[in-house]
Amino acid sequence: MFTLGRVAAALAVVTAAALLGTTGTATAATAAKAKTGPISVAYVEVNNNSMVNVGKYTLANGGATVFDVAVIFAANINYDTTTKSAYLYNNPNVQRTLDNAATEIRPLQAKGIKVMLSILGNHQGAGFANFPSQAAANAFAKQLSDTVAKYNLDGIDFDDEYAEYGNNGTGQPNASSFVYLVTALRNYLPNKLISLYNIGPAASRLTYNGVSVDSKFNYAWNPYYGTWGVPGIKLPKSGLSPAAIEIGATATSTATSLAQRTKSEGYGVYLTYNLDGTDRHTYISSFTNALYGSAAVYKR
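With this note's numbering applied, the sequence shown has no gaps in its numbers, which climb one by one up to 300 at the end.
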């Protein structure tokens with residue numbers, strides 16, 4: 001992922017009902033506390049932090065959760081040099097998070113927070129943009145779908161960084177690969193979320209042979225923290241986050257101004273990265289006041 005000046009290790013809301021209940025995890029009590037305004041997304045680096053931190057923040061006014069989508073960062077697309085094929089890899093920290101879904105994931109879903117798994121390149125030459133055939137793309141999509149089903153996740157996030165296309169004799173990005181992958185994944189996951197971290201070769205290859213996959217995403221967001229940039233994908237404003245911040249690193253004044261602009265220009269998503277286990281309610285209030293007219297509250 002990108003912060004200002006560095007690379008770090010990361011898409012329409014169909015309806016409000018889809019956000020709160022498509023996968024059947026939100027309760028009537030959660031819906032009663034629903035807030036109005038853009039949704040807020042939190043990426044969590046699970047190598048260092050727990051997903052449970054996402055559920056510790058609520059709005060002082062009304063008690064709704066601050067965050068609507070939590071992203072496990074990150075699983076990887078790896079490359080098997082023997083079979084010459086891509087495969088899904090969970091490092092020990094990601095795997096621990098998934099194996100402990102009862103304590104790491106289910107409590108968030110019980111509050112109505114969607115939990116997605118982000119997929120990131122891993123320097124091995126395998127990426128979303130260089131599958132050599134439709135069958136290869138479909139095979140990887142099936143691995144993603146199986147993981148979502150096994151751990152009862154709410155969707156998949158694509159982050160095309162660190163693939164290092166060409167390593168291990170892999171091909172360079174091609175026009176068909178990501179279109180085949182997203183199409184297959186949407187077929188496998190018709191009612192789940194698919195998001196695009198708008199970076200890398202895959203993000204610029206959304207159309208092939210007259211077929212566009214733009215509409216197959218629920219969300220897309222700007223990958224550059226502390227900046228404003230509308231993702232180049234044909235989604236309604238309700239599914240786009242031109243604003244991106246790193247919690248605790250982006251200036252509070254910038255977090256506030258980006259939140260104000262998100263709301264005033266009618267965009268439906270506000271992206272945050274690197275939520276940790278520290279009490280960040282003062283910082284988080286810098287954008288919740290602008291987005292929702294309420295400060296944030298932290299509860300251990």
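C-beta atoms are modelled at their ideal positions from N, C-alpha and C, and glycine is treated no differently.
Between the region 123-143 and the region 173-184, are three or more C-beta pairs nearer than 8 angstroms? With the cut-off at 8 angstroms, the region 123-143 and the region 173-184 touch.
In whole angstroms, give me the CA-to-CA distance for Ala-202 and Asn-90. Cα to Cα, the separation comes out at about 21 angstroms.
Own chain residues within Cβ distance below 6 angstroms of Gly-24, not counting five before or after: Reliability of the predicted coordinates at Gly-24 is poor, the pLDDT of 39 falling under 50, and no value is obtained from them.
What residue does the alpha helix (DSSP H) around Ile-284 start on, and which one ends it? DSSP places Ile-284 in the uninterrupted alpha helix (DSSP H) bounded by 281-292.
Helix, strand or coil at Glu-104 according to DSSP, with G and I counted as helix: DSSP, reduced to helix, strand and coil, places Glu-104 within a helical segment of the structure shown.
Are the region 107-123 and the region 138-158 touching, with three or more C-beta to C-beta distances below 8 angstroms? Contact between the region 107-123 and the region 138-158 is present, because at least three Cβ pairs lie under 8 angstroms.
Tell me where the alpha helix (DSSP H) around Thr-183 begins and ends. Residues 177-188.
How close, in whole Å, do the beta carbons of Tyr-197 and Asp-157 come, if the pair is a contact with beta carbons under 8 angstroms? Correct: roughly 6 angstroms between the Cβ atoms.
Work out the CA separation of Leu-59 and Asn-138 for me, nearest whole Å. Taking the straight line joining both Cα atoms gives about 41 angstroms.
Start-to-end residues for the beta strand (DSSP E) that takes in Val-66: Where Val-66 is concerned, there is no enclosing beta strand (DSSP E), given that its DSSP letter is neither H nor E.
Quick one: what does DSSP say Leu-117 is sitting in, helix, strand or coil? Strand at Leu-117.
Span of the beta strand (DSSP E), counted from its first residue to its last, around Leu-59: Per DSSP, the unbroken beta strand (DSSP E) holding Leu-59 starts and ends at 57-59.
Since I believe Ile-194 is in contact with Gly-216 (beta carbons under 8 angstroms), could you give me their beta-carbon distance rounded to a whole number of angstroms? Here residue 216 is Lys; the residue named in the question, Gly, does not match the sequence. Sure, about 6 angstroms apart at Cβ, within 8 angstroms.
Could you round the C-beta distance between Ile-72 and Gly-121 to whole angstroms and report it? I think they count as a contact, below 8 angstroms. Contact flag wrong, Cβ pair sits at about 16 angstroms.
Can you give the beta carbon distance from Ala-75 to Val-52, rounded, assuming they're within the 8 angstroms contact cut? Actually they are not in contact, since the Cβ atoms of Ala-75 and Val-52 sit about 19 angstroms apart, beyond 8 angstroms.
Determine the extent of the beta strand (DSSP E) in which Ser-85 is found, giving its start and end residues. For Ser-85, the enclosing beta strand (DSSP E) has its first and last residue at 85-89.
On the DSSP bridge assignment, give the partners of Ile-156 in chain order. BP columns for Ile-156 point to Leu-117 and Ile-194.
Pair within 8 angstroms by beta-carbon distance, Val-341 and Val-182: Because residue 341 is not part of the residues shown, which for the chain are 1 to 300, the question remains open.
Taking the alpha carbon of Tyr-225 as the reference point, which residue from Thr-254, Arg-205 and Lys-234 has its own alpha carbon closest? Closest option to Tyr-225, judged by alpha-carbon separation, among Thr-254, Arg-205 and Lys-234: Thr-254.
Where the alpha helix (DSSP H) through Ala-137 begins and ends: Secondary structure note for Ala-137: its alpha helix (DSSP H) is the uninterrupted segment 134-151.
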